[in-house]
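2 protein chains.
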Amino acid sequence: MASGEFDLIARLVERLPPPGPRVRVGSGDDAAVTESAQAATATTVDAIVEGVHFTLPEFPLPAVGRKALAGALSDLAAMGAEPGEAYIALGAPEGLTEEDLLAVGDGLAEVAEREGVSVAGGDVTRAPVLSLAVTCVGHERPGIALVTRGGAQPGDAVAVTGELGGAAAALSLLADASGAPKKLGDETRRRLLARQLDPRPRLAAGLALAAGGANAMIDISDGLGADAGHLARASGVALVVELGHLPLAEGAAEVAGSEERARELAVAGGEDFELLVCLPPEGLENATKAVADAGYPLTRIGEATEGEPGTVSDTDGRRLESEGFDHMRGSRAGSG
Amino acid sequence: MASGEFDLIARLVERLPPPGPRVRVGSGDDAAVTESAQAATATTVDAIVEGVHFTLPEFPLPAVGRKALAGALSDLAAMGAEPGEAYIALGAPEGLTEEDLLAVGDGLAEVAEREGVSVAGGDVTRAPVLSLAVTCVGHERPGIALVTRGGAQPGDAVAVTGELGGAAAALSLLADASGAPKKLGDETRRRLLARQLDPRPRLAAGLALAAGGANAMIDISDGLGADAGHLARASGVALVVELGHLPLAEGAAEVAGSEERARELAVAGGEDFELLVCLPPEGLENATKAVADAGYPLTRIGEATEGEPGTVSDTDGRRLESEGFDHMRGSRAGSG
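Same order as they appear, the protein sequences are chains A and B.
Taking our numbering, I'd label the letters of the first sequence as residues 52 to 387.
Taking our numbering, I'd label the letters of the second sequence as residues 52 to 387.
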């Protein structure tokens with residue numbers, strides 16, 4: 052299958068958008084060569100595996116490609132980085148045809164095109180199940196320092212972009228299409244499903260928040276509770292979250308059965324790929340306007356305090372940071 | 052298992068060498084942040100999968116880690132890049148314990164330490180079998196331009212570092228320990244096995260050859276025939292190889308049964324992770340000295356000609372470039 056694989060790679064590369072100006076040597080050599088005027092880069096790796104992060108045929112193959120690249124780009128969004136290059140390690144099971152793999156590639160190409168990413172290299176190997184490990188490199192934009200998880204200060208406002216709980220609700224819809232509540236409108240249903248099948252990394256918001264004075268950011272891939280916990284620990288602050296202020300995805304309550312259960316999906320469900328940000332309260336108004344320009348809301352959901360470092364609590368003191376999410380999705384424990 | 056995974060990552064990171072000066076933010080944030088004085092970087096991704104590139108328990112777990120990182124670094128060697136950062140996506144099957152995964156990490160750490168690589172990030176997910184996708188970033192050393200596959204000129208000498216055929220011979224030894232020829236000495240046997248269990252990326256030779264006027268380089272991961280074919284196609288030249296000049300690994304002929312069959316292993320066997328280089332013949336003497344300083348030979352095995360572009364032939368005109376290697380190892384079809 053060696054020569055077939057080289058053909059496959061050539062066909063995959065054909066479908067990708069042309070590499071951007073930073074790429075001096077793209078796919079097809081031992082390594083890609085990139086050049087950057089900026090000194091600092093942000094690099095992340097994120098893998099998704101069939102049966103762990105998605106199932107077939109519930110996920111159409113292009114959606115697998117979209118999700119793999121969007122998930123990695125979400126990490127760059129959380130750094131306030133400008134997306135640059137992506138490198139894809141594709142594990143291909145024998146049960147998939149070359150056309151199937153090209154359909155995965157179409158999903159990668161769609162996101163790469165939309166987000167301005169150069170897919171500059173990759174590797175294709177046989178594997179027992181479909182899997183994609185995506186490494187993304189982002190670049191510090193001049194004058195906009197990259198933002199880590201570790202800079203939150205007591206007194207900071209805590210805010211999230213977009214809506215929460217939609218990705219977990221969409222998983223329910225995908226797992227049991229016939230069990231979906233009848234009152235869910237077609238458009239609401241479509242938008243919920245898109246949280247799994249076409250997640251949108253909040254790159255524009257990440258840049259706007261980094262430029263607007265964010266002290267700390269993280270993307271919400273493991274659920275608000277767990278990810279807020281990561282940020283709280285890295286920053287050495289406590290976070291207090293007003294659960295009533297969580298911006299719940301439209302339709303999540305219908306799917307979950309109640310608003311309270313939709314809030315549980317938001318806290319523990321993961322994969323919403325929204326950004327959680329801590330910033331000085333006086334910067335919130337401008338940040339909200341800047342994020343709105345990117346097309347989605349920024350909602351204040353709490354504040355950072357001098358409480359027990361590393362903890363996340365609701366206003367009744369219930370702890371949220373260890374809310375696990377221990378089902379087929381697996382954990383996005385990755386970093387860096 | 053979410054919290055267990057975060058613990059595992061912390062324990063893995065503990066074992067790694069401390070990140071180098073380029074790493075501003077290492078493992079533990081959404082992305083690693085690196086800074087480089089040089090403008091150009093070389094990036095490659097290389098995945099190895101249990102049952103495809105290695106089998107358990109024939110491969111001790113640290114050897115899996117060593118092989119994964121060494122294979123990716125070999126691509127950087129072929130660019131003449133200075134190794135910089137590595138990012139690891141680890142797929143962990145349920146059958147392996149945390150201690151098992153740490154043993155894989157020990158192998159990664161050993162190579163990272165020896166080669167001066169900062170493991171700056173990673174991702175751990177459940178997967179059906181043990182798999183590692185390794186992204187490595189290398190840096191152009193000031194004054195030593197990165198070398199692609201595409202610059203060979205008719206008249207160039209073709210040379211290889213080290214020895215060939217040893218990795219394929221070692222696979223035979225691993226697959227059938229009892230069937231090994233009795234006359235193989237312990238030390239020879241140990242050195243052959245190391246070609247699989249502790250492969251050494253030729254980073255010092257790659258830098259020396261890049262500095263010494265190499266026109267084109269590639270690492271030999273798919274076998275001399277296939278990889279010479281990649282280089283010949285990228286450069287638009289023909290390569291003629293004198294099979295009698297191939298530097299065969301000591302013991303390969305005993306394992307293969309004859310010298311001729313050992314040459315077949317060298318041409319079609321792959322995973323030797325030596326460098327194939329094209330350079331002007333007048334540079335060969337100095338290049339040979341420079342590579343010898345790194346501790347291994349450089350052997351002239353042929354020349355680049357104006358024959359049919361993309362072809363590789365022996366001196367009898369037999370074509371070598373499509374020699375496949377279609378067994379459990381799978382194809383290292385990756386690039387960039």
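For every residue, glycine included, the Cβ atom is placed at its ideal position computed from N, Cα and C.
- Under the 8 Å criterion on CB atoms, valine 328 of chain A is classed as non-interfacial with respect to chain B.
- Nearest CB-CB separation between proline 134 of chain B and chain A: not below the 8 Å threshold.
- For arginine 75 of chain B, the chain A residues whose C-beta falls within less than 8 Å of its own C-beta are Ala91, listed in chain order.
- Taking the CA atoms as reference points, proline 360 of chain B sits about 53 Å from leucine 243 of chain A.
- Residue burial annotation: alanine 265 of chain A is buried, with at least 16 other C-beta atoms found within 10 angstroms of its C-beta.
- With its beta carbon less than 8 Å from one in chain B, threonine 85 of chain A belongs to the interface.
- Bounds of the beta strand (DSSP E) holding valine 76 of chain B are 74 to 76.
- Look at the stretch 142 to 176 of chain A: the residues with a C-beta under 7 Å from a C-beta of chain B are Gly142, Ala171, Gly172, Gly173, Asp174, Val175, Thr176.
- Contact between the stretch 204 to 213 of chain B and the stretch 318 to 326 of chain B is present: 3 or more CB-CB pairs across the two stretches fall below 8 Å.
- Nearest neighbour of arginine 251 of chain A by Cα position, chosen from A:Ala355, A:Val84, A:Glu164, A:Glu333, turns out to be A:Glu164.
- Listed by position along chain B, the residues whose Cβ is nearer than 9 Å to that of arginine 200 of chain A are Gly79, Asp80, Asp81.
- As the crow flies, the alpha-carbon of isoleucine 195 of chain B is around 6 Å from that of alanine 261 of chain B.
- In the three-state DSSP reduction, aspartate 126 of chain B falls in the helix class (H, G or I).
- When 9 Å is used as the limit between beta carbons, leucine 127 of chain A is near these residues of chain B: Asp81, Ala82, in chain order.
- Considering only beta carbons, the part of the stretch 270 to 286 of chain B lying closer than 8 Å to chain A consists of Asp270, Asp273, Ala277, Ala285, in chain order.
- With contact defined as three or more Cβ pairs closer than 8 Å, the stretch 141 to 161 of chain A and the stretch 63 to 71 of chain A are in contact.
- In the three-state DSSP reduction, histidine 296 of chain B falls in the helix class (H, G or I).
- Proximity to serine 87 of chain A across B:Thr85, B:Ala91, B:Val84 peaks at B:Ala91, based on C-alpha coordinates.
- Leucine 235 of chain A has its alpha-carbon roughly 59 Å from the corresponding atom of leucine 225 of chain B.
- Serine 182 of chain A: not part of any alpha helix (DSSP H); member of the beta strand (DSSP E) spanning 182 to 190, first to last residue.
- In the three-state reduction of the DSSP assignment, glycine 346 of chain A falls in the coil class, being assigned neither a helical nor a strand state.
- Glycine 368 of chain A carries a coil assignment under DSSP once its states are collapsed to helix, strand and coil.
- For valine 103 of chain B, the chain A residues whose C-beta falls within less than 8 Å of its own C-beta are Thr176, Arg177, Ala178, listed in chain order.
- Shown here for serine 169 of chain A: same chain residues with a beta carbon closer than 6 Å to its own, the five before and five after excluded, namely Pro70, Gly71, Val74, Glu136 in chain order.
- Taking the beta carbon of aspartate 323 of chain B as reference, no residue of chain A falls within 9 Å; the closest one sits roughly 15 Å away.
- Nearest in C-alpha terms to glycine 131 of chain A, of all of A:Met268, A:Ser78, A:Ala313, is A:Met268.
- Per DSSP, reduced to three states, the secondary structure at proline 134 of chain A is strand.
- Shortest Cα-Cα distance from aspartate 270 of chain B to any of B:Leu127, B:Gly263, B:Leu181 involves B:Leu127.
- Identification of chain B residues near glycine 71 of chain A by a Cβ-Cβ cut-off of 8 Å yields none; the smallest Cβ-Cβ distance measures about 14 Å.
- Within chain A, the residues placing a beta-carbon under 8 Å from that of tyrosine 138 of chain B are Thr94, Thr95, Val96, Thr186, Gly387, ordered along the chain.
- About 33 Å separates the Cβ atoms of glycine 189 of chain B and threonine 239 of chain B, ruling out a contact at the 8 Å cut-off.
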